[in-house]
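Peer 1: I am attaching a structure below and will ask some questions about it afterwards.
Numbering (the UniProt record's numbering), first residue to last: 1 to 588.
Spelled out as structure tokens, the structure:
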């Protein structure tokens with residue numbers, strides 16, 4: 001009798017069940033063998049092949065016991081599917097598609113959205129659902145209340161997708177209008193008219209009509225915000241900054257600190273040329289060189305010239321100019337009004353940051369090709385100038401918060417991960433050590449993204465309805481994605497690229513931060529080091545096994561346009577065809 005390496009299972013009931021694990025005890029010469037399953041099992045008639053589960057032991061393909069090789073390959077074929085047909089709830093197929101399901105042109109022409117993915121608007125791939133195309137735009141996919149997801153990608157052990165869709169749709173269709181109504185009743189105006197109105201959200205809260213609580217109660221987030229003493233008051237927890245000083249958020253010091261310790265601390269860059277220049281096509285958008293002048297900066301540089309400050313790594317920039325300019329005219333044609341912004345920041349002798357100037361740019365009335373109209377605003381503490389300076393900072397913060405939500409958050413931590421989830425499941429067997437190493441990092445990603453496409457980032461969804469970029473939100477994130485390069489996403493590489501750190505072998509982690517008090521970077525490097533130390537060690541062990549296989553002259557290498565190693569998966573890669581790194585189709 002051999003060692004059990006896999007088992008088949010069939011469900012003859014009419015309802016599915018969730019199989020957590022199987023344990024075989026007292027196996028001769030083995031003791032206990034575990035099979036972690038964590039999978040939904042549907043009626044056997046729904047499957048083209050019988051469900052199979054492998055023991056927890058991992059194998060490289062070259063080390064896989066011969067009896068398991070065919071089962072391993074067949075399971076991967078099942079997970080790949082054949083790229084045709086509409087996916088069904090019980091299926092586990094992982095396949096690629098473009099973002100062509102954000103719009104709903106059949107319902108209304110204003111809900112049409114461009115396809116994201118391809119040479120014009122490149123974008124990470126999403127999971128394929130196979131829904132029929134819309135009638136008015138064959139390139140777009142029709143929408144439905146439920147979005148296909150490989151069955152085991154759902155949250156936890158429950159079929160919670162429908163519930164989460166309900167929650168998000170409730171927020172979009174019921175909660176937001178109810179809150180708007182409550183605000184109008186309390187403040188007699190659809191907008192805030194004073195800082196006291198804003199403070200009221202934290203001090204007294206919003207008094208809600210008697211029927212609002214019942215509509216919000218299914219949503220845990222809102223339940224937590226309500227008081228439990230019987231009064232229907234929606235009260236927000238005060239930020240720590242205003243807990244200490246109600247006006248603390250208005251200071252230049254706090255404005256600059258948010259760039260390195262706020263919600264979007266990975267955009268600030270070291271200024272390396274002056275004046276700042278644009279990468280936009282001058283034939284389409286004219287001259288977009290910054291209008292900020294030396295004379296406006298040097299009085300606050302502590303005796304340094306601009307050139308000296310740049311050379312001494314003392315000047316930084318928060319640049320939201322090129323992202324906004326191509327879309328600004330269209331954004332400002334709606335009820336929303338915005339400026340493209342550039343903010344120059346100075347690193348002071350005490351290690352803190354201070355804003356020196358803010359440039360606000362708007363489209364030229366005669367056309368984009370004439371270049372923008374720009375005005376520069378300087379810090380002020382009193383009078384009208386102080387109010388204007390505060391407004392200029394507000395425009396910067398709005399741009400930064402939108403960039404955070406659509407690019408730093410949605411694009412860089414959600415959308416770009418999904419193709420890796422799909423590729424791993426299509427090309428790496430569950431018994432491959434790399435698969436087990438990656439799996440915990442993928443948890444819930446595809447589910448969250450599918451829900452987001454349905455009610456968050458879709459046409460006139462929550463994001464478009466509440467964020468500055470409006471109908472162009474996802475399209476603008478696609479424009480940013482054109483410059484996305486995988487190796488640059490590693491934190492050390494990102495810090496070096498932005499010029500906020502330099503290589504230094506004598507420093508911890510091999511980097512020296514140019515802004516010493518940079519919480520995101522300093523804490524991030526600590527987390528990076530500890531989180532990836534063990535991960536890297538495991539990858540190195542696997543890579544060493546691959547190297548041994550490649551050096552074995554008794555094994556025939558695979559051939560393509562160039563002589564390929566036996567396997568392709570290595571943890572790192574240089575430029576060019578090196579046969580290292582994770583390719584589009586992994587051969588192991």
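Cβ atoms here follow ideal geometry from the backbone N, Cα and C, with glycine treated the same way. For clarity, every value in this text was computed on a predicted model and none was experimentally measured.
1. Would you kindly check if the distance between the Cβ of residue 127 and the Cβ of residue 446 is under 7 Å?
2. Between the alpha carbons of residue 329 and residue 103, how many angstroms are there, rounded?
3. To which residues does DSSP link residue 362 through a beta bridge?
4. Since residue 253 is in the alpha helix (DSSP H), which residue starts that stretch and which ends it?
5. When you compare only the Cα positions, how much space is there between residue 45 and residue 13?
6. Output yes if chain B places a C-beta closer than 7 Å to the C-beta of residue 254; else output no.
7. Excluding the 5 residues preceding and the 5 following residue 393 in the sequence, name in chain order all residues of the same chain whose CB lies nearer than 6 Å to its CB.
8. Among residues of its own chain, excluding the 5 on either side of residue 162, which ones have a beta-carbon nearer than 6 Å to its beta-carbon?
9. Specify the secondary structure class of residue 2 as computed by DSSP and reduced to three states.
10. Pull up the distance between the alpha-carbon of residue 649 and that of residue 195, whole angstroms please.
11. Quick check on residue 140: buried or exposed, where buried means 16 or more other Cβ atoms within 10 Å of its Cβ?
12. By the three-class DSSP mapping on this structure, what secondary structure does residue 469 have?
13. Considering only C-alpha positions, which residue in the set 313, 381 and 400 is nearest to residue 340?
14. Judging by CA-CA distance, which residue of 325, 129 and 291 is the nearest neighbour of residue 364?
15. Taking the alpha carbon of residue 136 as the reference point, which residue from 110, 77, 517 and 409 has its own alpha carbon closest?
16. Alpha carbon to alpha carbon, how far is residue 64 from residue 70? Give it in angstroms, no decimals.
17. How many whole angstroms separate the CB atoms of residue 408 and residue 509, which I take to be in contact at a CB cut-off of 8 Å?
18. Can you tell me whether residue 491 is buried or exposed, with buried defined as 16 or more other CB within 10 angstroms of its CB?
19. Three-state secondary structure (DSSP) at residue 645?
20. What first and last residue would you give for the beta strand (DSSP E) that runs through residue 511?
21. In terms of residues, what are the limits of the beta strand (DSSP E) holding residue 33?
22. Should residue 498 and residue 269 be called a contact, given that it needs their Cβ atoms to be closer than 7 Å?
23. Nearest-angstrom Cα distance between residue 358 and residue 450?
24. Hey, residue 518 and residue 260: beta-carbon distance below 7 Å or not?
25. On a CA-only basis, which of 441, 472, 356 and 271 is nearest residue 315? Give me that one, please.
26. What span of residues does the alpha helix (DSSP H) with residue 74 cover, start to end?
27. Let me check one thing: in DSSP terms, what residues is residue 11 bridge-paired to?
28. Less than 7 Å between C-beta atoms, sequence neighbours within five positions excluded: which residues of the same chain meet that for residue 72?
29. Between residue 323 and residue 201, what straight-line distance do the alpha-carbon atoms span, to the nearest angstrom?
Peer 2: To lay it out plainly:
1. As a working mapping, residue 446 is identified with position 446 in the chain shown. As a working mapping, residue 127 is identified with position 127 in the chain shown. Yes, they are a contact pair.
2. Mapped onto the chain shown, residue 329 falls at position 329. Mapped onto the chain shown, residue 103 falls at position 103. Taking the straight line from one Cα to the other gives about 22 Å.
3. As a first step, residue 362 is located in the chain shown; it is residue number 362 there, counting from the start. Residue pairing from DSSP places residue 362 in a beta bridge opposite 373.
4. Indexing the chain shown from 1 puts residue 253 at position 253. Judged by DSSP secondary structure, residue 253 falls within the alpha helix (DSSP H) whose first and last residues are 252-261.
5. The residue given as residue 45 occupies position 45 in the chain shown. The residue given as residue 13 occupies position 13 in the chain shown. C-alpha of residue 45 to C-alpha of residue 13: approximately 10 Å in a straight line.
6. You won't find chain B in this structure, because it holds only one protein chain.
7. Within the chain shown, numbered from 1, the residue matching residue 393 stands at position 393. Its chain contains 255 as the residues whose beta carbon lies nearer than 6 Å to that of residue 393, once the 5 sequence neighbours on both sides are disregarded; these appear in chain order.
8. Position 162 of the chain shown, counted from the start, is the residue given in the question as residue 162. With a pLDDT of only 45 at residue 162, under 50, the local geometry of the prediction cannot be trusted, and the value read off the model is given with reservation. Here the set comprises nothing.
9. For this step, residue 2 is matched to residue 2 along the chain shown. In the structure shown, residue 2 sits in coil (DSSP, three-state: anything other than H, G, I, E or B).
10. Past the boundaries of the shown model lies residue 649; the chain is included only from 1 to 588, so the question cannot be answered.
11. For the purposes of this step, residue 140 is taken as the residue at position 140 of the chain shown. By the 10 Å Cβ count, residue 140 comes out buried.
12. Within the chain shown, residue 469 is the residue found at index 469, counting from 1. Here DSSP, grouped into helix, strand and coil, assigns residue 469 to coil.
13. Position 340 of the chain shown holds residue 340. For the residues 313, 381 and 400, the minimum Cα distance to residue 340 belongs to 400.
14. Counting from one through the chain shown, the residue named residue 364 turns up at place 364. The closest CA to that of residue 364, considering only 325, 129 and 291, is found on 325.
15. The count along the chain shown starts at 1 and reaches residue 136 at position 136. Comparing C-alpha distances from residue 136 to each of 110, 77, 517 and 409 shows the shortest one belongs to 110.
16. By one-based count along the chain shown, residue 70 stands at place 70. By one-based count along the chain shown, residue 64 stands at place 64. Rounded to the nearest angstrom, the two C-alpha atoms are 10 Å apart.
17. By 1-based counting over the chain shown, the position of residue 408 is 408. By 1-based counting over the chain shown, the position of residue 509 is 509. Their Cβ separation, rounded to whole angstroms, is 22 Å, which puts residue 408 and residue 509 out of contact at 8 Å.
18. Taking the first residue of the chain shown as position 1, residue 491 is located at position 491. It counts as buried.
19. Residue 645 lies beyond the residue range present for the chain, which begins at 1 and ends at 588; the question has no answer from this structure.
20. For the purposes of this step, residue 511 is identified with residue 511 of the chain shown, where counting begins at 1. First-last of the beta strand (DSSP E) with residue 511: 511-513.
21. Reading the chain shown from its first residue, position 33 is the one you call residue 33. Its beta strand (DSSP E) spans residues 31-41.
22. Position 498 of the chain shown, counted from the start, is the residue given in the question as residue 498. Position 269 of the chain shown, counted from the start, is the residue given in the question as residue 269. Going by C-beta atoms, residue 498 is nearer than 7 Å to residue 269.
23. Taking the chain shown and counting its residues from 1, the one referred to as residue 358 is at position 358. Taking the chain shown and counting its residues from 1, the one referred to as residue 450 is at position 450. The C-alpha of residue 358 lies about 38 Å from the C-alpha of residue 450.
24. Translated into the one-based positions of the chain shown, residue 518 becomes position 518. Translated into the one-based positions of the chain shown, residue 260 becomes position 260. Annotated as proximal: residue 518 and residue 260, with beta-carbon spacing under 7 Å.
25. Position 315 of the chain shown, counting from 1, holds the residue named residue 315. Ranking 441, 472, 356 and 271 by Cα distance to residue 315 puts 271 first.
26. Position 74 of the chain shown holds residue 74. From DSSP, the alpha helix (DSSP H) with residue 74 extends over 66-80.
27. Along the chain shown, one-based indexing puts residue 11 at 11. 43.
28. The count along the chain shown starts at 1 and reaches residue 72 at position 72. Excluding residues within five positions, the ones whose Cβ falls inside 7 Å are 64, 429 and 431.
29. Position 323 of the chain shown, counted from the start, is the residue given in the question as residue 323. Position 201 of the chain shown, counted from the start, is the residue given in the question as residue 201. The C-alpha of residue 323 lies about 32 Å from the C-alpha of residue 201.
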